[in-house]
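Protein sequence lines, in the order shown, are assigned to chains V and C.
Just so we're aligned, residue 3 is where the first sequence starts under the working numbering, counting upward by one.
Just so we're aligned, residue 13 is where the second sequence starts under the working numbering, counting upward by one.
Backbone N, C-alpha and C define an ideal beta-carbon position, used for all residues, glycine too.
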Amino acid sequence: MAISILVLAEQLRGGISDITYEMLGAGRAIAQALGVPLEAVLLGSGASQLASSLGAADKVFVADNPGLDLAAPEAVAEVVKTLIDKTGAGIVLVGCTNVSLGIGSILAARSQMPLVNFCRAIKVDGGALICTSQLFGGKILSDVKLADGRGIIGVYPGAFPLEQGRSPRTPPTEAIDVPVQPSKVRFKQYIKPETGDVDITKQNVLVAVGRGIQTQDNVQLAEELAQALGGAVCASRPVIDQGWLPLTRQVGKSGMTVKPRVYLAFGISGAPEHWEGMQNSQCIIAVNTDPKAPIFDGAHYGAVTDAVELLPVLTEKVKMRKG
Amino acid sequence: MNIFVVLKMVPDTVEELNVSQDGKSLDSEFLRFKLNDPDEHALEQALILKEKCGGKVTVIALDAPEVDDVLYTALAKGADRAVKIPVSQACLGTKATAKVLSDFFSSGREAVTLDTLVLAGSYAIDDLEGELAPMLAVHLGLPYLGVVSNVAASGPGLVVQKEFAGGLRGEFEVELPAVLGIQSAEKPPRYVPVAKVRAVMKSAKIEELEIPSPTDAVCLDVQRTYKPEAGGRAEIFEGSPEEIADKIVDALAKSGVI
Chain V
3 MAISILVLAE
13 QLRGGISDIT
23 YEMLGAGRAI
33 AQALGVPLEA
43 VLLGSGASQL
53 ASSLGAADKV
63 FVADNPGLDL
73 AAPEAVAEVV
83 KTLIDKTGAG
93 IVLVGCTNVS
103 LGIGSILAAR
113 SQMPLVNFCR
123 AIKVDGGALI
133 CTSQLFGGKI
143 LSDVKLADGR
153 GIIGVYPGAF
163 PLEQGRSPRT
173 PPTEAIDVPV
183 QPSKVRFKQY
193 IKPETGDVDI
203 TKQNVLVAVG
213 RGIQTQDNVQ
223 LAEELAQALG
233 GAVCASRPVI
243 DQGWLPLTRQ
253 VGKSGMTVKP
263 RVYLAFGISG
273 APEHWEGMQN
283 SQCIIAVNTD
293 PKAPIFDGAH
303 YGAVTDAVEL
313 LPVLTEKVKM
323 RKG
Chain C
13 MNIFVVLKMV
23 PDTVEELNVS
33 QDGKSLDSEF
43 LRFKLNDPDE
53 HALEQALILK
63 EKCGGKVTVI
73 ALDAPEVDDV
83 LYTALAKGAD
93 RAVKIPVSQA
103 CLGTKATAKV
113 LSDFFSSGRE
123 AVTLDTLVLA
133 GSYAIDDLEG
143 ELAPMLAVHL
153 GLPYLGVVSN
163 VAASGPGLVV
173 QKEFAGGLRG
183 EFEVELPAVL
193 GIQSAEKPPR
203 YVPVAKVRAV
213 MKSAKIEELE
223 IPSPTDAVCL
233 DVQRTYKPEA
243 GGRAEIFEGS
253 PEEIADKIVD
263 ALAKSGVI
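(1) What is the DSSP secondary structure of phenylalanine 116(C), counted as helix, strand or coil?
(2) For leucine 55(C) and alanine 86(C), I'd like the C-alpha separation in whole angstroms.
(3) Count Cβ pairs between the region 179-195 of chain V and the region 282-290 of chain V that sit closer than 8 Å; are there 3 or more?
(4) Please list, in chain order, all residues of the same chain as asparagine 30(C) whose beta carbon is under 6 Å from its beta carbon, the five residues on each side excluded.
(5) DSSP on glycine 304(V), reduced to helix/strand/coil?
(6) So is leucine 70(V) buried or exposed if we call it buried at 16+ other beta carbons inside 10 Å?
(7) Just the Cα atoms here: how many angstroms apart are arginine 122(V) and leucine 83(C)?
(8) Shorter than 7 Å, the distance from the beta carbon of proline 296(V) to the closest heavy atom of the ligand ZN, or not?
(9) Below 9 Å between beta carbons is the criterion; list the residues of the region 280-306 of chain V that meet it against any residue of chain C, in chain order.
(10) In whole angstroms, what is the alpha-carbon distance linking isoleucine 154(V) and threonine 175(V)?
(11) Is the Cβ-Cβ distance between glycine 214(V) and isoleucine 270(V) less than 8 Å?
(12) In three-state DSSP terms, what is asparagine 220(V)?
(13) Is the region 144-154 of chain C in contact with the region 175-185 of chain C, if contact means three or more CB pairs nearer than 8 Å?
(14) Is there at least one Cβ from chain V nearer than 8 Å to isoleucine 60(C)'s Cβ?
(15) Is it a yes or a no for the region 229-240 of chain C touching the region 138-158 of chain V, going by three-plus beta-carbon pairs under 8 Å?
(16) Look at alanine 360(V) and valine 43(V) and say whether their C-beta atoms are less than 8 Å apart.
(17) Beta strand (DSSP E) containing proline 23(C): first to last residue?
(18) Can you look up valine 260(V) in the DSSP assignment and give me helix, strand or coil?
(19) Assign glutamine 114(V) to one of two classes, buried (16 or more other C-beta atoms within 10 Å of its C-beta) or exposed (fewer than that).
(20) So what does DSSP say about glycine 93(C), is it helix, strand or coil?
(21) Please report whether the beta-carbon of phenylalanine 116(C) lies at a distance below 8 Å from any beta-carbon of chain V.
(22) Between which two residues does the alpha helix (DSSP H) holding threonine 291(V) run?
(23) Leaving out five residues before and five after alanine 91(V) in sequence, what residues of the same chain have Cβ atoms less than 8 Å from its Cβ?
(24) Given a cut-off of 8 Å on the beta-carbon distance, is the pair isoleucine 178(V) and valine 260(V) in contact?
(25) Quick check on glutamine 195(C): buried or exposed, where buried means 16 or more other Cβ atoms within 10 Å of its Cβ?
(26) Using the beta-carbon of each residue, which ones in chain C are nearer than 7 Å to aspartate 243(V)?
(27) With a cut-off of 8 Å, does the C-beta of arginine 147(C) fall near any C-beta of chain V?
(28) By the 8 Å beta-carbon criterion, what residues does the region 189-211 of chain V contribute toward chain C?
(29) Name the chain C residues whose beta carbon is nearer than 7 Å to that of phenylalanine 138(V)?
(30) Compare the C-beta of asparagine 100(V) with all C-beta atoms of chain C and state if any pair is closer than 8 Å.
(31) Got a sec? Which residues, its chain only, sit under 8 Å from proline 201(C) by beta carbon, not counting five neighbours each side?
Here you go:
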């Protein structure tokens with residue numbers, strides 16, 4: 003049985019990441035159902051000041067130590083492990099974000115706690131927890147039972163509402179002093195993306211292409227539609243990895259988060275990593291040959307057809323309509 | 013550099029996935045397997061490193077359907093050795109897989125040397141724990157960094173890039189020996205003609221190394237496995253490309269963008 007719930011708060015470049023509030027909201031619901039306190043831990047420079055925004059927690063442990071800025075996952079796991087040993091926290095929530103991935107796994111390998119990653123929903127069932135994880139690119143869900151209410155849960159970004167983890171109150175904090183060992187993994191500097199010709203986060207219309215676009219030449223078809231609509235072309239990871247479009251056009255976990263009025267997705271299956279970056283678009287129109295593609299579960303409109311065939315036809319129709 | 017790349021087979025999600033009778037796992041009868049995408053990038057990154065600074069690339073995989081093809085393909089691409097551990101990866105879970113692989117390194121035949129770099133995909137799509145590389149790092153007592161998209165040798169160690177979000181990356185120094193979780197290689201994975209793979213199948217051999225199956229594999233208690241609610245929100249447009257295009261144009265007009 004969990005004595006408390008612990009959220010590993012995440013900060014990047016001096017700001018608290020959204021996932022932190024999402025986890026606090028999710029953690030609060032579990033804590034309430036189990037009748038246990040919700041605690042958070044925040045690491046790195048400026049942690050003492052940033053902790054004041056984590057009022058959804060009953061208490062925030064703070065390790066305000068520059069040695070923990072972008073520290074190796076093993077160093078962070080070590081601090082969290084020390085804290086678990088001290089407080090008896092039974093449930094630990096860690097973000098499935100690029101920043102925090104790896105920490106939960108190291109913690110699980112070092113402790114006897116089970117790890118459930120890629121979690122999108124958590125239910126309390128008596129003293130047990132049922133976690134719903136998203137696997138196989140979003141095509142399959144699995145419900146996993148943590149029978150004695152103990153475990154490490156990797157929480158998927160965007161799965162829990164942010165608002166429920168925000169609170170105007172200032173939480174009590176407790177400084178923790180953990181010796182930080184010299185690490186064999188050392189942060190040197192940030193590498194900012196080269197400024198592209200187009201800022202895809204500022205577009206009203208985005209024409210997005212994925213693996214289904216098939217060839218580099220076909221990207222031009224999307225470019226023509228984007229031009230007709232006065233928007234820009236962006237892409238999911240496979241297209242960027244192929245070098246068909248620059249990194250500044252990537253939408254998703256490692257790329258940009260976009261919220262255009264219309265997001266047209268051509269040949270994109272809608273894997274969770276992509277969905278994370280465009281789920282808040284006002285209108286999503288998806289075109290994919292696979293009727294079971296997860297993108298159709300979240301899109302507003304869809305068509306099951308070949309994107310490459312449809313694109314030139316659509317571009318012509320758009321031009322005609324605009325006159 | 014002494015580079016090891018851990019490869020994992022996963023179901024091809026392009027194919028239809030069905031849940032088996034027990035309602036807890038995937039129906040394996042019609043599953044087609046392929047190499048986990050980030051693992052393919054890990055292999056590519058290893059081959060690029062070898063080309064730039066010399067060394068040896070060994071690919072390792074547990075037993076799984078179609079794994080031999082993937083190991084031969086890795087040899088055809090330029091890996092020096094391919095090792096198969098005849099322990100089935102099915103239902104093993106990441107924790108237990110990490111144990112098997114760490115036993116591989118302490119088997120006496122293989123060892124972690126000062127210039128050892130172990131690469132694996134940053135994550136796998138088929139598994140609830142999903143991150144092999146950090147768990148293996150713990151077993152081997154080596155430093156770890158994941159979501160890495162660029163690796164370069166620098167003096168006795170490495171300089172690597174880790175992805176954050178919004179295109180922002182961080183540059184890190186990593187001392188060897190180490191384990192890295194690769195998100196993407198600095199170049200797209202290379203293509204190798206089928207004829208070359210066939211030739212390698214005739215000339216090269218996959219080594220096998222017996223490792224005992226872990227006895228203490230604790231699996232997670234899966235209650236139910238299912239497909240997300242079908243028919244979500246999307247209103248599906250049907251018809252010829254012309255008809256579909258007309259309906260999309262209507263939707264665009266409704267959204268006020270044309």
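Per the coordinate set shown:
(1) helix
(2) 8 Å
(3) no
(4) Asp39
(5) strand
(6) Leucine 70(V) should be labelled buried.
(7) 34 Å
(8) With respect to the ligand ZN, the structure offers nothing, as it holds no ligand at all.
(9) Gln284, Cys285, Ile286, Ile287, Ala288, Val289, Asp292, Pro293, Lys294, Pro296, Ile297, Phe298, Asp299, Gly300, Ala301, His302, Tyr303, Gly304, Ala305 and Val306
(10) 23 Å
(11) yes
(12) helix
(13) no
(14) Not a single C-beta of chain V is nearer than 8 Å to the C-beta of isoleucine 60(C).
(15) yes
(16) Outside the shown range of chain V (3 to 325) lies residue 360(V), about which nothing can therefore be said.
(17) 21-23
(18) coil
(19) Exposed: under 16 other Cβ atoms inside 10 Å.
(20) Glycine is not the amino acid found at residue 93(C); the sequence shown has arginine there. Looking at arginine 93(C) - three-state DSSP - the assignment turns out to be strand.
(21) Proximity of phenylalanine 116(C) to chain V, defined by a Cβ-Cβ separation below 8 Å, is not satisfied.
(22) Per DSSP, threonine 291(V) is not a residue of any alpha helix (DSSP H), being assigned neither H nor E.
(23) Correct list, in chain order: Ala4, Ile5, Ser6, Ile7, Leu8, Glu41 and Leu85.
(24) no
(25) Classification of glutamine 195(C): buried, given that the 10 Å Cβ count is 16 or more.
(26) Ser196 and Pro200
(27) Looking at the sequence itself, residue 147(C) is methionine, so the reference to arginine does not match. Chain V, which has a Cβ nearer than 8 Å to the Cβ of methionine 147(C), makes this yes.
(28) Phe189, Lys190, Gln191, Tyr192, Ile193, Lys194, Pro195, Asn206 and Val207
(29) Under a criterion of Cβ atoms nearer than 7 Å, the residues of chain C adjacent to phenylalanine 138(V) are, in order, Pro23, Thr25, Leu29, Ile137 and Asp138.
(30) yes
(31) The beta carbon of proline 201(C) lies closer than 8 Å to those of Glu52, His53, Leu55 and Glu56 in the same chain, with the five residues before and after it left out.
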